[in-house]
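Numbering (full-length UniProt numbering), first residue to last: 1 to 586.
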Amino acid sequence: MEAKRQITESFGHSPAHQALLRAGSRIRPLQQAHAHIVVSGSHRSLALLTKLLTSACTAGSIGYAHRLLYSVPNPDAFLFNSLVKASSSSGFAIDTVFFYHRMRRCRVSPSSYTFTSVIKACADLSSLGLGKCVHSHALACGYGSDRFVQAALVTLYAKSGDLGGARTVFDDMSERTVVAWNSMISAYEQNGCSREAIGMFYRMRDRSVQPDSTTFVSVLSACSQLGALSLGCWVHDYVVNNGLDVTVALGTSLINMYARCGNMSKAQEVFDLMNERNVVTWTAIISAYGMHGYGSQAMELFHQMKARGSRPNNVTFVAVLSACAHSGLVQEGRREYASMSQEYGLVPGVEHHVCLVDMLGRAGLLDEAYKFINELNHVEQAPAVWTAMLGACKMHKNFDLGVEVAERLLAVEPDNPGHYVMLSNIYALAGRMDRVEMVRNKMIRRRLKKQVGYSTLEVDQKTHLFSMGDKSHLETNAIYQYLDELIWRCREAGYVPAPDSVLHELEEEEREYALRYHSEKLAVAFGLLKTSHGTTIRIVKNLRICEDCHLAIKYISIVTNREIIVRDRLRFHHFKDGHCSCLDYW
DNA sequence: ATAGGGTTAG
């Protein structure tokens, strides 16, 4: 060891090389080292130039890297591979593709390493065309069966939205490593196919491939989307019992899973036990409290986060502003919106504008919300912002403004059925049934269908799905009978069904029936039938809960003395003793 | 004297 060091020191690094090593990835010292290299005449040393180039990439100075490359007389494979790798892992995807092209033009042969980096760059760009082109090069160069290249290809196709392409590459693999499985599970999960992601996970276990922390990050995300609490808990147990490394990503995914499956105390428990937290972790817990309607806890955590030195980013502010919106924290919301740009130099995007309009709108400050939108520039006045405004108009029964906003929206997005439904609701509330009919006819002419609502719940680790008026369930008769009995008991306790303002494509006499058998009511009835007293009922619904169901479930929580938790498209409703955690403010 | 991979959280 001692002798070896002697040799390196005496053989010595030239002053230029030493300067290069000392510089690390700081740009000024790198430029000085560059000067040393030129002055000492070692500017033909590909080794030194390679080091300089990769350091420039990691320093974030991609322009400098480009200029340097032009000054290299005959770049070799080593230099190109280093450059492709460094630029790709520093997030300069377009530049990686450019360097790869240079490499080919210089007739330098790419290796399997080159391809993994270039394919990752194409994946970052979500560029299917570019990716397919590189894929064919890889095949031509004989790297089609390299497991690293293949795993990267799975991700490339997944991120470009081509699940079929991802699956083809995956199915063609002769040897599937845990990373390959992780890529495919994540591919499904990222594309909203949670069931398929979980199916893949089971297949992986059938093939006796040991899952790792990364596997579970994706599996837990799938559980979060589905509200699959029992599988989520199983994963948590597995992680603990098998001593798996609880990385920041895994911990954050656990928090998110518990929160989105309705168990806030477990989410908090995981958060408390984590020894490392980053901005994503903080954002997850803030967003969790916000979704559950605990706005002040969310704000408390936000302040803690800042006090502990984590810097909030754009996503954090979406969580904060939406927490304010759902809890009526208007003052705080206004203040944090301002601090976003003033203190953190962040540029508010459409999603922040939506939160702010939503917050002002819910609080009944329609004029302020309207003024806020009108002060945005033309590009910023996105449909989503107007949609939030429209929701506020409906909530506060401002018919004139509502109709104006809806028509504006329909002009921009004539094929969005949601806008028609909202407009027809507003007309119905205003008693303009002629207009309701007109909107309905317009929808029919355009062949637009409103989204089908469904609710799911787990009983004994099995998921049951219900849709409106659904009779496909095996125990349909018992469920409907029990629901009728429940509603009758609720009526005795004072429940009066809310008037139906929802647009139906049904005939008149079917409307009462449809309202009465909304998917969430069916799911609640089934849950009550199938579980013992003291068990909390947890429902996941794909759309917003309707006013009548909200009211009915409050009464159901009284007459059955049960706690019922409903997650709708946007947030949670905890029903207990006739009250809802949203305070009817949703 | 220069590099060494693919998968993951809000």
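Just so you know, even glycine gets a beta-carbon here, dropped at the ideal spot from N, CA and C.
Query	Result
Separation of His473 from Gln304, as counted between CA atoms	48 Å
C-beta atoms of residue 607 and Ser455 nearer than 8 Å	Residue 607 lies beyond the stretch modelled for the chain, which goes from 1 to 586, so this question has no answer here.
Three-way DSSP call (helix, strand, coil) for Thr387 in this model	helix
Backbone CA spacing between Leu486 and Ala525 [nearest angstrom]	8 Å
Whole-angstrom distance between Ser136 and Arg105, CA atom to CA atom	17 Å
Pairwise C-alpha distance: Leu410 and Arg445	14 Å
Per DSSP, cross-strand counterpart(s) of Tyr454	Ser467
Beta-ladder partner(s) of Phe575, from DSSP	Ile564, Cys580
Per DSSP, the bridge partner or partners of Val540	Thr456, Arg567
Boundaries of the alpha helix (DSSP H) in which Phe399 is found, first to last residue	399-412
Close-in-space but distant-in-sequence residues of the same chain around Ile185 (CB under 7 Å, 5 per side omitted)	Ala197, Met200, Phe201, Thr215, Ser218, Val219
Neighbourhood of Leu390 by C-beta distance below 7 Å, restricted to the same chain and skipping five residues each side	Gly402, Val405, Ala406, Leu409, Met422
Separation of Thr155 from Ala121, as counted between CA atoms	11 Å
Exposure label - Lys471; buried when at least 16 CB within 10 Å	exposed
Proximity winner among Phe99, Leu321, Ser339, relative to Val357 (alpha-carbon distances)	Leu321
Within 8 Å, strictly: CB atoms of Ala249 and Ala259	no
Nearest-angstrom beta carbon gap, Asn256 and Val279 [assumed within contact, 8 Å]	At roughly 14 Å, the Cβ-Cβ gap does not stay under 8 Å, so Val279 and Asn256 are not in contact.
Short Cβ contact (8 Å threshold) for Gly418 with Met395	no
Sequence ranges, alpha helix (DSSP H) only - wholly within the stretch 333-394, length at least 4	350-362, 366-374
Boundaries (first-last residue) of the alpha helix (DSSP H) holding Val496	No alpha helix (DSSP H) holds Val496; DSSP gives it neither H nor E.
Nonlocal neighbours in the same chain, by C-beta distance under 6 Å from residue 602, ignoring five residues either side	The first residue shown for the chain is 1 and the last is 586, placing residue 602 beyond what the model contains.
Bridge partner(s) assigned by DSSP for Lys462	Val459
Sequence-distant residues of its chain with Cβ nearer than 8 Å to Arg569 (five each side left out)	Lys541, Asn542, Leu543, Arg544
Local conformation of Val108 per DSSP, three classes	coil
Cβ-based neighbour list, Phe170, same chain, cut-off 7 Å, excluding 5 preceding and 5 following	Val154, Ala180, Met184
Burial state of Ala56 (16 or more Cβ within 10 Å)	buried
Three-state class that DSSP yields for Asp212 in the structure shown	coil
Other residues of its chain near Gln6: CB distance less than 6 Å, five sequence neighbours each side excluded	Any answer about Gln6 is weak, because its pLDDT of 37 lies below 50 and its placement is not dependable; what the coordinates show is given next. Around Gln6: no qualifying Cβ.
CA nearest to the CA of Glu520, picked from Leu301, Ala23, Val566	Val566
Extent of the continuous alpha helix (DSSP H) run through Pro15	15-23
Alpha helix (DSSP H) segment containing Pro417, residue limits	417-429
Beta-carbon proximity check, Leu48 vs Leu20, cutoff 8 Å	yes
Residue burial classification, Glu189 (beta-carbon count within 10 angstroms, cutoff 16)	buried
Straight-line gap, residue 610 to Gln481 (C-alpha atoms, nearest Å)	A question about residue 610 goes unanswered here, because the residues of the chain that appear run from 1 up to 586.
At least three beta-carbon pairs within less than 8 Å, the stretch 374-387 to the stretch 337-346	no
Continuous alpha helix (DSSP H) assignments of at least 4 residues falling wholly in the stretch 35-74	46-58, 62-71
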